[in-house]
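*Asks:* Dropping a structure here in structure tokens format, bear with me for questions.
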Amino acid sequence: PVIILASGAGRLGIYVEEIVSVQEIVVRALGSQLRYVRRIAGAGILDDGTIALVIDPLDLITSSLQKQAGQQIRSEPESGRILVVEDSVTSREFLKSILEEVGYTVATANDGAEALQRLKREEYDIVISDVDMPKINGFALTEAIKSDEKLSHIPVVLVTSLDSQEDQEYGIHVGADAYIVKSVFEKEAFLGVVRGFAPHES
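Count along the sequence shown from 1, add 1146, and you get the number used in this note's numbering.
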């Protein structure tokens, strides 16, 4: 499904995995608690009592229009081919847009099985993968990459909601070069990790 956002700045279509329901809610600003999170207007309470973050449509539209108009200046365009492996279309497109914004060429796979097929056919400089996926999860994918002499040189960055110390240690144990927890995801820190592994233009 596609949701159309509209404001005085323009219109923007956003792909979503599913439209669960339509509700009217009171949006409350969260102040300093979300000061590092872009494109979030605040939060509201749904009918079932769940607290939901609310996106800022004006910020999304403005950012999109700036990107289309070429107003975002890249001081050092990145180069390199990156494979993003994520079964959630929302997370997959989110990571893809961040990487493409700074110049990387990005391909995607829906799960570990599809990723391995791509890796056998195509060359990539880095793999960025979720963990909790069908068919082949991120841990098994990482282990498969690192145990294949033709692929073992490719850095693997796991970006996952699994935040326990045990999961992080296991991720590193199976060969992950970096482990990023989604709950504390920060765009510039993420790009810093990627730049540490992927080639870029000087």
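Even for Gly, the Cβ is constructed at its ideal location relative to N, Cα and C.
Predicted model, so just to flag it, every value in this text is computed and none were measured.
Indicate whether the contact test is met: 3 or more Cβ pairs, each with one atom in the segment 1273-1292 and one in the segment 1320-1334, closer than 8 Å.
*Replies:* yes
*Asks:* For the pair the segment 1288-1302 and the segment 1328-1338, tell me if three or more CB-CB distances fall below 8 Å.
*Replies:* Output reads no: the segment 1328-1338 does not touch the segment 1288-1302.
*Asks:* Just to check my reading of the structure: Pro1280 and Asp1233 have Cβ atoms closer than 8 Å, yes? What is that Cβ distance to the nearest angstrom?
*Replies:* 6 Å
*Asks:* Please name the residue in Gly1226, Ala1259 and Glu1163 whose C-alpha comes closest to that of Thr1251.
*Replies:* Gly1226
*Asks:* If you reduce the DSSP assignment to three classes, tell me which class Ala1255 lands in.
*Replies:* strand
*Asks:* Quick one: grab the DSSP three-state call for Ile1219.
*Replies:* Low confidence applies here, because Ile1219 scores a pLDDT of 47, under 50, leaving its location unreliable and the question unanswered by this model.
*Asks:* Looking only at its own chain, which residues have a Cβ that is under 7 Å from the Cβ of Ala1335, when we skip the five neighbours before and after it?
*Replies:* none
*Asks:* Taking only runs of the alpha helix (DSSP H) that begin and end inside the segment 1224-1307, which ones reach a length of at least 4 residues, in chain order?
*Replies:* 1235-1247, 1258-1267 and 1284-1292
*Asks:* Quick check: the Cα distance between Gln1218 and Ser1243, rounded to an integer number of angstroms?
*Replies:* For Gln1218, the predicted model reports a pLDDT of 47, less than 50, meaning its position is unreliable and no value from the coordinates is stated.
*Asks:* In whole angstroms, give me the CA-to-CA distance for Glu1163 and Ile1149.
*Replies:* 11 Å
*Asks:* Starting from Gly1317, follow the beta strand (DSSP E) in both directions and report where the run begins and ends.
*Replies:* It is not in any beta strand (DSSP E) - Gly1317 instead sits in the alpha helix (DSSP H) that spans Gln1311 to His1319.
*Asks:* Considering only residues of the same chain and omitting the five flanking positions on each side of Gly1351, which have a CB-CB separation below 8 Å?
*Replies:* The structure shown does not extend to residue 1351, since the chain is modelled only from 1147 through 1348, so no value can be given for it.
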